[in-house]
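Working notes for the structure below.
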Amino acid sequence: MHIKFLARGTGSAREAANYLLGERDAAGKPREGVEVLRGNPDIVAAVADSLDFEHRYTSGVIAWAPDDQPTDEHIESVVDEFEKTAWAGLEPDRYAWTAVLHREEGGGAHVHVLAARCDLETGRSLNIAPPGWQKTFDPLQDALNAEHGWARPDDPARARVQQPGHRAYIEAAQLRAGLRLEASPRDLIRDYLLQRVLIPAHADQ
Numbered sequence: 035m036h037i038k039f040l041a042r043g044t045g046s047a048r049e050a051a052n053y054l055l056g057e058r059d060a061a062g063k064p065r066e067g068v069e070v071l072r073g074n075p076d077i078v079a080a081v082a083d084s085l086d087f088e089h090r091y092t093s094g095v096i097a098w099a100p101d102d103q104p105t106d107e108h109i110e111s112v113v114d115e116f117e118k119t120a121w122a123g124l125e126p127d128r129y130a131w132t133a134v135l136h137r138e139e140g141g142g143a144h145v146h147v148l149a150a151r152c153d154l155e156t157g158r159s160l161n162i163a164p165p166g167w168q169k170t171f172d173p174l175q176d177a178l179n180a181e182h183g184w185a186r187p188d189d190p191a192r193a194r195v196q197q198p199g200h201r202a203y204i205e206a207a208q209l210r211a212g213l214r215l216e217a218s219p220r221d222l223i224r225d226y227l228l229q230r231v232l233i234p235a236h237a238d239q
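Following the working numbering, the numbering of the sequence shown begins with 35 at its first residue and continues without gaps.
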């Protein structure tokens, strides 16, 4: 299981919400299933698009590999833990977010998160994924993977050259949504070396 945030939140939150609710996946194929697990995507988009900030929303993905085979109970539990971590110390009425489950053929599952970047009580900007967010979310990811025996994104046995796995899905999703991944320097170096083999060159957005 992999938790990853996307870099941009300056575009239309409505377009992002429409993508989450779309009947087709990142490759243009019909999705096995789309289910709203938390919040109301339409309301979250309306709140985000009403903000005067440059960055109006935050988006991310919680992705399971097909071999993980998470149950509905597992997914609900992970979403709960994600919420507790992202908005630690805040009451639910102070933030607007939605989580949408996409099921994939073969057992894969991905939860897309869209959050208005605002504290609803104070009106101030609220960024749940500031620079260095990995220090907050990687321990959660690692603990859940260890508890359930799910695939780790850093497992050498699941190297991207052999199995694109979580990251390939997230990259495809963000390209379709017109977004770009927020990557660590290590990720950028690795991807630069591997993209010549795995994917065609493409211009930066």
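All C-beta atoms, glycine included, are put in the ideal place defined by N, C-alpha and C.
In this text, all values refer to a predicted model and were calculated from it rather than measured experimentally.
- The region 118–183 is shown to contain whole beta strand (DSSP E) runs of 3 or more residues at 131–137 and 143–150, in chain order.
- The region 81–91 and the region 174–191 do not touch, with fewer than three beta-carbon pairs separated by less than 8 Å.
- For residue 102, the closest of 138, 163 and 79 by C-alpha to C-alpha distance is 138.
- Residue burial annotation: residue 120 is buried, with at least 16 other C-beta atoms found within 10 angstroms of its C-beta.
- In the three-state reduction of the DSSP assignment, residue 55 falls in the helix class.
- Under the three-pair Cβ rule at 8 Å, the region 121–130 does not count as touching the region 52–68.
- Per DSSP, residue 185 lies in no alpha helix (DSSP H) segment and is marked neither H nor E.
- Using a 10 angstroms sphere on the CB of residue 117, the tally of other CB atoms reaches 16 or more, which defines it as buried.
- The three-state secondary structure of residue 90, taken from DSSP, is coil.
- By the neighbour-count definition (other C-beta atoms within 10 Å, threshold 16), residue 183 is an exposed residue.
- The region 64–79 and the region 152–164 do not touch, with fewer than three beta-carbon pairs separated by less than 8 Å.
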